[in-house]
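There are 6 protein chains.
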Amino acid sequence: MNERYERGLARQAELGGPGATRARAYDALADIAPDLSRLAVEFAYGDIHARPGLDPARRELVVLGVLTALGGVEPQLQAHLETALNVGVRPAELVEAIMQALPYAGFPRVFAAMTVARRVLQSRDLLPVPPP
Amino acid sequence: MNERYERGLARQAELGGPGATRARAYDALADIAPDLSRLAVEFAYGDIHARPGLDPARRELVVLGVLTALGGVEPQLQAHLETALNVGVRPAELVEAIMQALPYAGFPRVFAAMTVARRVLQSRDLLPVPPP
Amino acid sequence: MNERYERGLARQAELGGPGATRARAYDALADIAPDLSRLAVEFAYGDIHARPGLDPARRELVVLGVLTALGGVEPQLQAHLETALNVGVRPAELVEAIMQALPYAGFPRVFAAMTVARRVLQSRDLLPVPPP
Amino acid sequence: MNERYERGLARQAELGGPGATRARAYDALADIAPDLSRLAVEFAYGDIHARPGLDPARRELVVLGVLTALGGVEPQLQAHLETALNVGVRPAELVEAIMQALPYAGFPRVFAAMTVARRVLQSRDLLPVPPP
Amino acid sequence: MNERYERGLARQAELGGPGATRARAYDALADIAPDLSRLAVEFAYGDIHARPGLDPARRELVVLGVLTALGGVEPQLQAHLETALNVGVRPAELVEAIMQALPYAGFPRVFAAMTVARRVLQSRDLLPVPPP
Amino acid sequence: MNERYERGLARQAELGGPGATRARAYDALADIAPDLSRLAVEFAYGDIHARPGLDPARRELVVLGVLTALGGVEPQLQAHLETALNVGVRPAELVEAIMQALPYAGFPRVFAAMTVARRVLQSRDLLPVPPP
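For the protein sequence lines, the chains are V, P, Z, Y, R and C, in the order given. For the first sequence, the positions run 1 to 132 when the UniProt record's numbering is used. For the second sequence, the positions run 1 to 132 when the UniProt record's numbering is used. For the third sequence, the positions run 1 to 132 when the UniProt record's numbering is used. For the fourth sequence, the positions run 1 to 132 when the UniProt record's numbering is used. For the fifth sequence, the positions run 1 to 132 when the UniProt record's numbering is used. For the sixth sequence, the positions run 1 to 132 when the UniProt record's numbering is used.
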């Protein structure tokens with residue numbers, strides 16, 4: 001096991017573990033592309049998320065913006081909403097972060113992201129979200 | 001002048017003014033679609049940026065994520081990088097925010113966004129950016 | 001209830017009501033982001049759809065073009081196909097509008113949009129569509 | 001010259017000629033991919049634009065929606081704004097069509113499209129556009 | 001039946017038949033837009049896939065790149081993964097082709113494409129894929 | 001200098017050097033985000049392009065498909081068209097690869113990519129491209 005992979009795993013652990021969503025995604029591809037999950041740990045976590053200079057909560061807010069704009073990436077959106085909660089982003093802040101994408105990415109992408117957020121918050125018994 | 005428009009203008013002023021980039025964009029369309037700039041103030045700023053529950057710096061990080069992922073939106077990217085600096089995001093944090101998009105939006109979108117960031121930081125004499 | 005919201009609701013009513021699809025989308029997010037549905041009524045309908053200068057059928061054709069190109073926005077596509085029928089766009093015109101996206105957005109986006117259109121037309125007993 | 005190509009050329013002529021913008025695009029690629037321009041005439045115009053069942057103005061409104069949403073396609077946007085004017089879409093309707101994309105594609109894509117529209121209208125001495 | 005359509009059908013047959021996935025997509029839209037399937041055969045296969053100058057395996061690799069980047073186009077991705085196998089692309093090469101999109105389209109699009117590839121390979125009893 | 005970076009540089013050298021386009025992109029960001037260029041070498045080249053199991057020409061064809069579909073990524077498109085020529089893809093094959101994106105990504109993205117290809121081929125005195 002190389003240094004980047006270890007650093008990536010360590011960072012995932014600090015972020016609350018890879019989480020059920022992410023672990024399922026990794027396992028599901030083990031028999032076709034085991035390197036894909038390894039590279040996700042090494043590059044996304046070991047090389048990028050583990051960088052200094054921006055705290056984990058702020059990193060997750062950037063990622064939420066990216067994923068909301070991309071569209072069609074529900075598994076990643078779910079995983080990063082879970083991570084955001086793990087690193088201390090409050091439910092009402094998550095909702096605001098998705099709302100903030102409205103003028104730039106439009107209503108359809110925001111409705112889609114909010115629908116995923118609802119599922120994540122519901123699974124943690126965090127609904128209804130109090131207004132900010 | 002309606003309440004939303006006033007709230008939008010006030011929020012823009014708090015965020016450091018509409019900024020030269022944004023003001024130019026608004027003026028340039030005055031003879032074709034004056035309502036477009038008005039709606040940007042009313043909706044983007046009066047309805048969304050002015051919402052409570054997430055501080056301006058975090059809002060701008062979400063917007064950076066969205067704009068980096070969309071691609072081809074340099075004027076808005078420039079305007080929001082300026083706003084992010086205005087509300088206290090440090091240059092090294094801006095760079096990290098754009099780096100954080102790498103695993104999700106890929107290198108080409110990140111190179112494009114970083115090129116705009118370089119122009120903004122250079123115009124404020126903030127280069128070179130010290131490593132985090 | 002403010003003026004924009006009322007104007008938005010009125011315009012939705014003129015367009016045949018919010019429709020079952022849209023109403024379900026709004027209800028589903030009531031406990032996480034009630035402002036999102038309100039803003040959809042205020043901004044999308046009160047500020048934009050209610051504008052003069054372009055008739056509702058033509059507005060819906062623009063929206064169909066946008067949604068077909070975006071991809072991954074089935075709920076909105078379904079809602080706007082329903083609205084288009086409500087404001088007098090004939091089924092064969094709807095089909096042609098989606099076909100017209102082919103050279104610009106490519107076959108995959110058009111197949112996806114046509115599949116949603118088929119579901120909408122079937123639910124209204126409007127299949128088969130007579131050739132133009 | 002085959003039947004589709006002739007039908008495509010005829011339809012382009014009915015739409016006001018290929019227009020300077022489109023002709024330049026075709027000529028510019030003559031020494032690398034002459035089939036690309038031929039296929040644009042055959043498929044986009046001979047197979048699609050020439051279809052019955054939706055009038056040319058409405059077809060152009062769909063195309064405007066698609067191109068606004070795609071982003072980064074200025075030459076095509078310019079060509080189709082010219083065509084839309086040729087087939088009787090009034091300047092104020094063009095502006096409204098682009099405004100209508102706001103809730104779905106967001107402000108950045110709409111600002112970009114409006115900037116191209118401004119250039120087209122200016123080149124035809126159609127500015128300022130009277131409010132609807 | 002015209003020459004392009006025949007050429008398109010012939011090319012589809014050479015590529016291993018339209019395949020179950022593609023045939024189902026065509027049939028499903030027969031009562032709403034029969035011309036859409038016809039044009040897919042004529043344009044995508046008769047005009048493009050049937051061109052000389054690039055062998056079918058290489059054409060499918062380009063298509064995989066396009067579809068992976070677009071996102072949200074699972075039916076087409078599935079059909080073209082099947083075609084790629086039919087024309088001799090080995091399973092490990094398919095996996096590598098999708099991996100190659102990582103630095104440019106990002107992890108979420110690649111995870112989505114790999115998930116479809118897994119389904120296709122599993123349906124042909126080609127799992128696990130031996131490492132390259 | 002780590003092993004991945006060295007492997008990435010070695011692979012870039014095998015692919016004909018980073019090329020003028022890519023080198024300029026790297027240099028231009030040295031004072032804002034030097035890690036971005038390093039990670040491009042390490043991840044894109046050391047981790048991905050250097051993988052076994054798919055030859056360099058085929059890898060570049062996938063990348064061309066991805067970049068054509070993304071749109072707005074001219075510097076990367078130019079760099080990879082140069083690389084493709086370096087690893088033996090013939091000009092007529094490059095043209096065909098871009099043409100092959102037509103049914104999936106549409107004409108505007110293909111015109112944009114072909115325009116970049118024309119510039120690259122012209123700079124190497126490879127125009128006109130003989131028909132396949």
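Note that beta-carbon positions come from the ideal geometry of N, C-alpha and C, so glycine has one too.
- Taking 7 Å as the threshold, the shortest C-beta distance from Val66 (chain P) to chain V falls below it.
- With respect to chain Y, the C-beta atom of Gln76 (chain P) has a partner C-beta closer than 7 Å.
- Close CB contacts of Tyr45 (chain C) within its chain, under the 7 Å cut and outside five residues either way in sequence, are with Gly8, Arg11 and Gln12 (chain order).
- For Val110 (chain V), the closest of Z:Ala92, Z:Ala20, Z:Leu54 and Z:Ala40 by C-alpha to C-alpha distance is Z:Ala40.
- Cβ proximity to chain P below 7 Å picks out Pro103, Tyr104, Ala105, Gly106, Phe107 and Pro108 from the UniProt domain "Carboxymuconolactone decarboxylase-like" (34 to 118) of chain R.
- Look at Asn86 (chain V) here: in three-state DSSP terms it is helix.
- Judged by DSSP in its simplified three-state form, Leu127 (chain V) adopts coil rather than helix or strand.
- Leaving aside the five residues that flank Pro91 (chain Z) on each side, the residues in its chain whose CB is nearer than 6 Å to its CB run, in chain order, Leu121, Leu126 and Val129.
- Interface residue (Cβ-Cβ distance to chain V less than 7 Å): Asp27 (chain Z) is not classified as such.
- Put simply, the CB of Asp125 (chain Z) is far from chain V, with every gap to its CB atoms at 7 Å or more.
- Three or more Cβ pairs drawn from the stretch 73 to 88 of chain P and the stretch 20 to 27 of chain P lie within less than 8 Å of each other, which places the two stretches in contact.
- Going by C-alpha positions, Val89 (chain V) is about 22 Å away from Tyr104 (chain V).
- Nearest CB-CB separation between Val129 (chain R) and chain V: below the 7 Å threshold.
- Look at Gln12 (chain P) here: in three-state DSSP terms it is helix.
- In the displayed model, Arg38 (chain V) falls within a helix according to three-state DSSP.
- Ranked by Cα distance from His49 (chain P), the first of V:Pro56, V:Gln100 and V:Ala28 is V:Gln100.
- For Met114 (chain V), the closest of Z:Val62, Z:Ile32 and Z:Asn2 by C-alpha to C-alpha distance is Z:Ile32.
- Counting along the chain, Gly65 (chain P) sits inside the alpha helix (DSSP H) bounded by residues Pro56 to Leu70.
- Secondary structure at Pro75 (chain V): helix, using DSSP grouped into helix, strand and coil.
- The Cβ atoms of Leu61 (chain P) and Val62 (chain V) sit closer than 7 Å to each other.
- Setting aside the 5 residues that flank it on each side, Gly71 (chain R) is surrounded in the same chain by Arg109 and Ala112, each with a C-beta closer than 7 Å to its C-beta; the list follows chain order.
- Annotated three-state conformation of Ala105 (chain V) is helix, per DSSP.
- Burial check for Asp55 (chain R): the Cβ neighbour count within 10 Å stays below 16, so the residue is exposed.
- Assignment of Leu29 (chain Y) by DSSP, reduced to helix, strand and coil, places it in the coil class.
- Judged by their CB atoms, Gly106 (chain Y) and Gly65 (chain Z) are not nearer to each other than the 7 Å cut-off.
- Nearest to Leu15 (chain Z) by C-alpha distance, out of Z:Ala84, Z:Phe43 and Z:Leu36, is Z:Ala84.
- With respect to the 7 Å criterion, Ala57 (chain V) and Leu81 (chain V) are not classified as neighbours on the basis of their beta carbons.
- Membership of Pro91 (chain V) in the alpha helix (DSSP H) is indicated by the continuous run Pro91 to Met99.
- With a contact defined as Cβ atoms closer than 8 Å, Arg51 (chain Y) and Glu96 (chain Z) qualify at about 6 Å.
- Contact between Glu93 (chain V) and Gly53 (chain P) holds: CB atoms are separated by about 6 Å, below the 8 Å threshold.
- Take Arg59 (chain C), set aside five residues on each side of it, and the residues of its chain with a beta-carbon closer than 7 Å to its own are His49, in chain order.
- Residues of chain Z with a Cβ closer than 7 Å to the Cβ of Leu121 (chain V) are, in chain order, Ile32.
- The alpha carbon of Pro131 (chain C) has as its nearest neighbour, out of Y:Ile98, Y:Leu36 and Y:Leu67, the alpha carbon of Y:Leu36.
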